[in-house]
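To start, the structure itself, in structure tokens.
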Amino acid sequence: MTKAVALLSGGLDSTLAVHLMKSLGVEVVALNFTTVFCRCNRGGSCKSEAKKVSEALRIPVKMLNITASFLRLVKRPKYGYGKNMNPCIDCRINMFRMAGEFMREIGADFIITGEVLGQRPMSQRREAMKIIEKEAGVEGLVLRPLCARHMPPTIPEKVGLVDRQKLLDFKGRGRKGQMQLADVFELKDYPCPAGGCLLTDPMFAHRIKELFNHDIGCELGDIHLLKVGRHYRLDDRTKAVVGRREEENHLIEHYAQPTDALLMLTDLTGPLCLVRGSLTEENLRLAAGLVARSSKARTLFSVRITVKLDGVERVIETAPLDAARAQELLIVKKKESAISREWHCHPSEAERG
Ligand code: SF4
């Protein structure tokens with residue numbers, strides 16, 4: 000029986016591609032990639048979305064967290080970034096390369112994806128698709144059932160494993176064809192296509208770019224922190240992260256490392272602040288002023304702030320930081336400062352990324 004590896008995100012397009020291939024009698028094994036940059040837009044997780052789809056389609060799925068290799072690409076992409084910090088071409092090369100290895104490992108004949116020519120500006124251009132396949136070592140082995148008739152015939156079509164006439168000719172950004180096909184396959188509850196990757200979010204992209212500009216050696220823990228709270232740049236090496244809600248305080252505490260300082264109001268409940276970098280007295284006092292400014296104590300002349308560092312607690316008395324100064328330190332993309340975004344997963348999910 001003809002066998003294919005499907006790149007399955009759990010979104011509509013990859014789901015349709017699998018349906019179509021199954022309807023043509025191809026055995027499909029799915030591969031799902033997650034990274035720390037996946038955005039869970041349905042209150043579940045990227046993994047659970049792909050799992051749900053694979054269960055509904057009765058196909059096996061292999062879940063792979065590729066954060067480590069992906070983070071290296073995000074820092075220095077060979078083919079550059081898209082509109083924000085999304086290195087889509089490098090990212091697809093990485094995924095296709097792994098899909099190729101998996102295909103050989105399980106004895107599959109080719110790879111399928113839900114890509115549609117011209118749907119995404121960076122990685123779904125004809126030229127980019129060619130580069131991706133070539134660099135990933137899977138030239139001619141990637142069948143895109145939704146737009147195959149616009150593409151040169153692939154090896155499985157040429158050798159007669161798949162009938163090209165039964166493949167589709169979707170093209171561009173419109174979704175009408177996909178919606179109609181979803182009706183044919185009686186798919187009702189599918190995720191909105193706008194979910195996906197945090198690197199395409201302008202505000203998150205601004206944060207990560209700012210981080211890379213100061214610390215290109217940053218690690219996974221720094222990336223998790225980027226999803227939480229307000230971020231302030233205290234000096235070239237030092238940042239403060241201030242929780243906006245109780246849930247964010249918990250996450251900040253969860254991601255704190257032994258070398259970080261944690262600051263909080265001594266006499267009231269309020270934001271938790273993590274300081275990472277150069278923990279000088281000057282920076283800790285600045286962060287203490289930020290905690291007071293971000294709390295309900297912001298109108299007081301003097302506020303007591305507890306500082307936890309190296310297992311030792313002490314109290315600093317400070318005035319709330321001037322609002323204009325706090326704004327100066329805030330890492331924020333201009334014009335979007337009023338928007339508060341939710342980027343984090345539940346800690347149990349975040350832990351895996
Ligand atoms: S949007 Fe993100 S996950 Fe998707 S191809 Fe681009 S970098 Fe990769």
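Here numbering that gives the first Met the number 0 is used: the first residue of the sequence shown is 0, the next is one more, and so on.
Where a beta carbon is used, it is the ideal one built from N, C-alpha and C, also for glycine.
What you are looking at is a predicted structure, and each value in this text was computed from that prediction instead of being measured.
Spatial neighbours of S13 in its own chain (CB-CB distance under 7 Å, excluding positions within 5 residues in sequence) are listed in chain order as A5, L6, L7, T112, G113. Per DSSP, reduced to three states, the secondary structure at D182 is helical.
One thing to note: M20 has its Cβ no nearer than 8 Å to the Cβ of P155. For P144, the shortest separation between its Cβ and any heavy atom of ligand 1 does not lie below 7 Å. Residue environment analysis places V311 among the exposed positions, since fewer than 16 neighbouring C-beta atoms fall within 10 angstroms of its C-beta.
A check of alpha carbon separations from L166 across L142, E185, R172 identifies L142 as the nearest.
Taking the Cα of N83 as reference, the smallest distance to any Cα among I304, A67, P201, I65 is reached at P201.
Residue burial is scored here from C-beta neighbours: S293 has at least 16 other C-beta atoms within 10 angstroms and is therefore classed as buried. In this structure, the beta-carbon distance from I215 to K74 falls below 8 Å.
A260 sits close to L308, with the two beta carbons spaced by under 8 Å. Remark: C-beta atoms of L299 and C272 do not approach each other more closely than 8 Å. Judged by DSSP secondary structure, K21 falls within the alpha helix (DSSP H) whose first and last residues are 11-22.
Ranked by Cα distance from L197, the options I222, E281, R324, L262 are led by I222. With contacts defined as CB atoms closer than 8 Å, L56 and V17 qualify as a contacting pair. Of the heavy atoms belonging to ligand 1, at least one sits nearer than 7 Å to the Cβ of N85. Taking a cut-off of 8 Å for Cβ pairs, the segment 60-69 and the segment 31-39 touch, as three or more such pairs fall below it.
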